[in-house]
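Enquirer: Residue numbers (this note's numbering): 1 to 41.
Even for Gly, the Cβ is constructed at its ideal location relative to N, Cα and C.
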């Protein structure tokens, strides 16, 4: 039988993965945006 802590950790994991993917996506978008700004200057 799993403890509440184990269940809590399993529920948090997918959220952390999603958050991590969003951060990576944001980094890519910011990088592209900066490249566009540099290209215009």
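Using the C-alpha atoms, what's the distance from residue 29 back to residue 45?
Expert: Nothing about residue 45 can be reported from this structure: the residues present for the chain run from 1 to 41 only.
Enquirer: Quick one: what does DSSP say residue 2 is sitting in, helix, strand or coil?
Expert: Within the chain shown, residue 2 is the residue found at index 2, counting from 1. Residue 2: coil per DSSP, three-state reduction.
Enquirer: Please report the straight-line C-alpha distance between residue 27 and residue 38, rounded to a whole angstrom.
Expert: Sequence index remark: in the chain shown, residue 27 carries index 27 (1-based). Sequence index remark: in the chain shown, residue 38 carries index 38 (1-based). Going by the C-alpha atoms only, they are around 16 Å apart.
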